[in-house]
Amino acid sequence: MNHPTRTICDSCNVRLPGPSGRSSQYSVPNNKSKSIISESNFPLLTRTQMILLKKSDNDYITVKKMFYSEIPRGVIKGIIRLDMPSKLIKLHEKYKNKVAKLAGKNVDDVTYSMFHGTTTSTGCDPDRFLERNYPLSEKSFCKKGCGMCGIIQNGNRKKFSKHNKKMWFANSALISRDYTDGNHHTKVMFVVDIVAQEHNYILVVNKNKATLPRFMILFDS
């Protein structure tokens, strides 16, 4: 089990792609209240960027160890880093700073890496994203707006929740696997940054801005 505020996974003994590394990507050093999202030195993203990671990439290795520590017989087909639209990042960072201030904690101590399994529509094949340099446009996603396509484009949104507009995230990849397509040859799971004052092995949130997808795992179990 992982300690609430540690960035080391106790079960696989690796450093999580945790809040300390990620928050520095979006925040000005030594000034946690200011985001650089709107600054000229940060690329303004209007659409999610998807980067298929190489197996030698540090993020790939870390996410793989997190996943295999609980699903050792699963077969990872690919891990994709998600650079979400700037407006979503900005809202998430602002909310993170607010929660940290109210809790009297550092932003790293209110940010947790959690898993979120989801489904795809019939005919929406996740394997297309395994093509390196796959061209992204509105036509890249299914018209039905399945769980995978919706999260990639817009992040986690409570209005699509089946739990009274509450979104569930698990510390365990094994638990999250139960929410993926049981009959689909390729299953989809996200690693999501969740902002919460206290850690739990299941985190339930009702604010979109409390979530920020960071990686998408495509696998077969």
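Our numbering puts the sequence shown at residues -15 to 205. For glycine and all other residues, C-beta sits at the position ideal for the given N, C-alpha and C. Treat the numbers as computed from the prediction; the structure is a model and nothing was measured.
Report task. Specify the secondary structure class of Pro197 as computed by DSSP and reduced to three states. Result -> In this structure, DSSP gives Pro197 an extended state, which the three-state scheme calls strand.
Query raised in the report: What does DSSP give as the partner residues of Lys171 in its beta bridges?
Result: According to DSSP, Lys171 bridges with Phe203.
Query raised in the report: Roughly how many whole angstroms lie between the Cα atoms of Gln9 and Ile73?
Result: Per-residue confidence for Gln9 stands at a pLDDT of 37, beneath the threshold of 50, marking its modelled position as unreliable; the derived number appears in the next sentence. One alpha carbon belongs to Gln9, the other to Ile73, and they sit about 11 Å apart.
Query raised in the report: Taking DSSP as the reference, what is the three-state secondary structure of Ala154?
Result: In this structure, Ala154 counts as strand in the three-state DSSP scheme.
Query raised in the report: What is the DSSP secondary structure of Lys61, reduced to helix, strand or coil?
Result: Looking at Lys61 - three-state DSSP - the assignment turns out to be strand.
Report task. Tell whether a beta-carbon distance below 7 Å holds between Gly107 and Arg161. Result -> Taking 7 Å as the Cβ cut-off, Gly107 and Arg161 do not qualify as a contacting pair.
Report task. Quick one: grab the DSSP three-state call for Gly101. Result -> In the structure shown, Gly101 sits in a strand (DSSP, three-state: E or B).
Report task. Report the residue from Leu36, Lys48, Met50 whose alpha carbon sits nearest the alpha carbon of Asn66. Result -> Strictly speaking, residue 66 in this sequence is Leu, with Asn absent from that position. For the options Leu36, Lys48, Met50, the alpha carbon positioned closest to that of Leu66 is the one of Leu36.
**Report entry** Under the three-state DSSP convention, the category Ser120 falls into
**Finding:** Looking at the sequence provided, one finds Leu at residue 120 rather than Ser. It is coil, neither helix nor strand.
Query raised in the report: Thinking C-alpha only, which one of Phe199, Pro69, Lys80, Leu86 is nearest Asn138?
Result: Nearest of Phe199, Pro69, Lys80, Leu86 to Asn138, Cα basis: Pro69.
Query raised in the report: Alpha carbon to alpha carbon, how far is Tyr52 from Gly58?
Result: Roughly 7 Å between the two C-alpha positions.
Requested in this report: Please say whether Ser105 and Lys128 have beta carbons closer to each other than 7 Å?
Outcome: It is a contact, given that the beta carbons lie within the stated cut-off.
Requested in this report: Could you check the C-alpha separation between Asp41 and Ile60 for me, to the nearest Å?
Outcome: Cα-Cα distance, rounded: 14 Å.
**Report entry** Residues that DSSP places opposite Ile186 in a beta bridge
**Finding:** Beta-bridge annotation (DSSP): Ile186 is paired with Ala154.
Query raised in the report: Whose C-beta lies closer than 6 Å to the C-beta of Arg116 among residues of the same chain, with five residues either side of it excluded?
Result: Leu36.
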